[in-house]
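Chains as they are written, first to last, in the working numbering: chain A, -6 to 327; chain B, -6 to 327. Where is the CB? At the ideal position from N, CA and C, for every residue including glycine. Since the structure comes first, as structure tokens, the remarks are kept for the end.
There are 2 protein chains.
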Amino acid sequence: MSERAVTISEVARHAGVAVSTVSYVLSGKRAISADTRRRVLDSVRVLGYHPNAGARALASKRANVIALVLPLRVGMHVPVLMQFATSVVTAARQYDHDVLLLTADEGSDGLRRAAASALVDGLVLMDVELHDSRVPLLKDLAEPSVLIGFPADSAGLTCVDLDFARAGALCVEHLAERGHTEVALLGAPSVVYERGTGFARRTREGFAAAVADTGLKGVALSCEENFDQVSAVIAELLDTRPGLSGLVVHNEAAVNHVLGALRQHGRRVPDDIAVVAICPDDIAERSSPPLTSVLIPAEEVGRQAVRLLMEKLEGHVVPEDTLLQPWLTVRDST
Amino acid sequence: MSERAVTISEVARHAGVAVSTVSYVLSGKRAISADTRRRVLDSVRVLGYHPNAGARALASKRANVIALVLPLRVGMHVPVLMQFATSVVTAARQYDHDVLLLTADEGSDGLRRAAASALVDGLVLMDVELHDSRVPLLKDLAEPSVLIGFPADSAGLTCVDLDFARAGALCVEHLAERGHTEVALLGAPSVVYERGTGFARRTREGFAAAVADTGLKGVALSCEENFDQVSAVIAELLDTRPGLSGLVVHNEAAVNHVLGALRQHGRRVPDDIAVVAICPDDIAERSSPPLTSVLIPAEEVGRQAVRLLMEKLEGHVVPEDTLLQPWLTVRDST
DNA sequence: CGCCTCTGTCGAAGCGCTTCGATAATCGGT
DNA sequence: ACCGATTATCGAAGCGCTTCGACAGAGGCG
């Protein structure tokens, strides 16, 4: 157990300067001579000084903490969410901010409480639905916020996401280039569409648009996440659409079941059926065969979200919509 | 955008009492007449007062925030970690605390910083390794901490975890009762064992001990997470151990690959081979057939960890080791 | 009826920091 | 060598809350 924490006035005394001088050295908000700066920083090091977060927040009206609002709903692929979360934390640290984790169980009250108590300076919301109950609240919160994902009415909000419509289209275009003429999309579980989760719908729209543009035949289906149901869907698909030779899978939990089901039904990938997935690279690489895939740049999304939030905290105006371009990696499944 | 935040003195004025009286009403630390209490609470509601977290932390020396330290290492199953994380957040809120998310990239410095700056009152560490670099630091931190998982030397630390040794044993005992005589454990990827992650080793030890106790034949293998490698291991196993009829799988990412590989090699579950998994219920239920499994009581672990931390924050002495009992659910795979 | 003990409330002193205005000291220009 | 502009530093006033000691009034008791 260590002793009482070192305060700024002890540092000041040790360095032979005023408290305010130490503060200015640390914040860089006023010019300080090289000599004084060095003495102060030495004292900081020697004494092991860490500014008290509460006192700093109180005096400066900035907690240097942002909230990460992360509801954990069924049907969401958790590892991807965690990639977002991790990159948000990492990016926030780069701006000298910490991250407070808020989950769904408190509902909007949690957001209101964290914001109103000045616990956090701003909010990053993940897993945004088309009609998200948290969104109206955001608009009358004093604290700035950034959404990862798009609600139906994103006017006045700052949103970041992968361009899922483009991702869906990219998959179709890739299959078209490979000469396939009939394709299918296996998407999220139906509950996700019903809930109106934006990314699932937008992928489906992009898929449909590209199918129309390229003149392919194509269907979009929802896809549950247990093996037997996946297997049944695949069987049905193979049965009713003999010309089908390309599959787009946008469901991280089901993608291995899809491969298993194809194997079970005697179809070889890619010889009989080509498969392209929208999923993280590690899942694509771990499959057999390794899958051609469009990856979700979680890292980049998190970083951009934080960057935008920091801009807003500085009082700058930022673009409302940020769409990141998807990237397709060809592997052995197409 | 809302206007400047309401302060305690505005509440006091509105209610016609002193600031300190409002504080005592809210904290309950001194007796207040029913009448005054009601007036104050009314004012709080009418004005929409939320105490300023920074000011409160500064004055009371308690931030009412705990840190959740969550390194995200390869080979760890993220959904399970998130179950822990979620239950920690939920439990913390029950004690009126919030959760600050710390990840690995800052290393131990992040812990030191958060603790020294009084940003957090205590720490919950997840995914603890046998020789964890964060552990020595904990011992000389003034802030109390609780570990989820056990390091090699847990003396002086408060640790909570599922009794993985018992979980491994439970699986073996279940298979023995079902009449199997030769079994195998497919565990974590080898990197996880090499890193010395406690739970993986303890499961293996429990498995080995139970194999010895019950007089079965058994091997424990590590298990990578891509389909082709799993398939190869299964092939080898079936080939070299014709008597093998029971499999224990302790690897969430590989469990579906195992089932796929068995199918591929023409083995039926449970008729030819019985499979029992150590994994969350949702994975077990989604497999085909649904798997008999020992679940990891993530919810309970998180809750206990927070409870212990709160006890320590109150200055109470708590038991060093808390092992939660595993529970086996029989489904269709055995 | 006077004394003592509770109860309920108040005022004021910080908690450790940031920031504003003031003040010295230094400098270049003439 | 003098003046105004700069540069570097200081002191003090809060930020909004908790908590300590004080104290008035109510109530119990002999």
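- Spatial neighbours of Leu131/B in its own chain (CB-CB distance under 6 Å, excluding positions within 5 residues in sequence) are listed in chain order as Ser138.
- When the beta-carbon positions are compared, Ala181/B and Asn244/B come within less than 8 Å of each other.
- Counting only residues of its own chain and dropping the five nearest sequence neighbours on each side, Gln76/A has a CB closer than 6 Å to the CB of Ala291.
- The beta carbon of Gly191/A is closer than 6 Å to those of Leu123, Gly142 and Phe143 in its chain, skipping five residues each way along the sequence.
- Residue burial is scored here from C-beta neighbours: Leu252/A has at least 16 other C-beta atoms within 10 angstroms and is therefore classed as buried.
- According to the DSSP assignment, Val153/B belongs to the beta strand (DSSP E) that extends over Cys152 to Leu155.
- Unbroken beta strand (DSSP E) runs of no fewer than 3 residues, entirely contained in the region 74 to 141 of chain B, are found at 91 to 95, 115 to 118 and 138 to 141, following chain order.
- The beta-carbon separation of Leu94/B and Leu61/B, rounded to 6 Å, stays under the 8 Å limit for a contact.
- In the three-state DSSP reduction, Thr14/A falls in the helix class (H, G or I).
- Taking CB atoms only, Glu122/B has no neighbour in chain A less than 8 Å away.
- Residues of chain B whose Cβ lies closer than 9 Å to the Cβ of Leu93/A are, in chain order, Val58, Asp91, Val92, Leu93 and Leu94.
- In chain order, Ala108 place their CB closer than 8 Å to the CB of Ala135/B, counting only its own chain and leaving out the 5 sequence neighbours on each side.
- Residue-level contact check: Ala298/A does not touch chain B, since none of the beta carbons of chain B fall below 8 Å from its beta carbon.
- For the pair Leu317/B and Glu293/B, the CB atoms are nearer than the 8 Å cut-off.
- One finds Asn219, Phe220, Asp221 and Ser224 in chain A with Cβ atoms closer than 8 Å to the Cβ of Ser281/B, taken in chain order.
- In this chain, Ser280/A is not harboured by any beta strand (DSSP E), its DSSP state being neither H nor E.
- In summary, Thr233/A is exposed, with fewer than 16 beta-carbon neighbours lying within 10 Å of its beta-carbon over all protein chains present.
- When secondary structure is reduced to three states using DSSP, Ser2/A falls in the helix class.
- Cβ contact annotation for Val33/A (same chain, cutoff 6 Å, sequence separation greater than five): Ala8, Val15 and Val18, in chain order.
- Under the DSSP assignment, Gly239/A falls in the beta strand (DSSP E) whose first and last residues are Gly239 to Val242.
- Between the alpha carbons of Glu304/A and Leu214/A lies a distance of about 40 Å.
- Of all residues in the region 188 to 200 of chain B, none has a C-beta nearer than 7 Å to a C-beta of chain A.
- Lys305/B sits in a helix when the DSSP states are folded into three classes.
- In the three-state reduction of the DSSP assignment, Ser183/B falls in the helix class, which pools H, G and I.
- The Cβ-Cβ distance between Val176/B and Leu168/B falls below 8 Å.
- In the three-state reduction of the DSSP assignment, Asp265/B falls in the coil class.
- In this structure, Val268/B sits away from Ser183/B, with a CB-CB distance that is not shorter than 8 Å.
- Within 8 Å of the CB of Thr83/A, the CB atoms of chain B belong to Thr96 and Asp98, in sequence order along the chain.
- Inter-segment contact for the region 85 to 99 of chain B and the region 44 to 63 of chain B is present: three or more beta-carbon pairs are separated by less than 8 Å.
- Using a C-beta cut-off of 8 Å, the region 294 to 302 of chain B makes no contact with the region 256 to 272 of chain B, since fewer than three inter-stretch Cβ pairs fall below that distance.
- Around Arg194/B, the same chain offers Leu123 and Tyr186 as residues with beta carbons nearer than 8 Å, after the five sequence neighbours per side are excluded.
- Residue environment: Pro273/B is assigned as buried (16 or more neighbouring CB atoms within 10 Å of its CB, all protein chains considered).
- For Gly47/B, the uninterrupted alpha helix (DSSP H) segment begins and ends at Ala46 to Ser53.
- Exposure of Asp133/A is indicated by the presence of fewer than 16 other C-beta atoms within 10 angstroms of its C-beta.
- Listed in chain order, the alpha helix (DSSP H) elements of length 4 or more contained wholly in the region 159 to 217 of chain B are 183 to 188 and 191 to 207.
- Think of a sphere of 9 Å around the beta carbon of Val262/B: no beta carbon from chain A falls inside it, the nearest being about 12 Å out.
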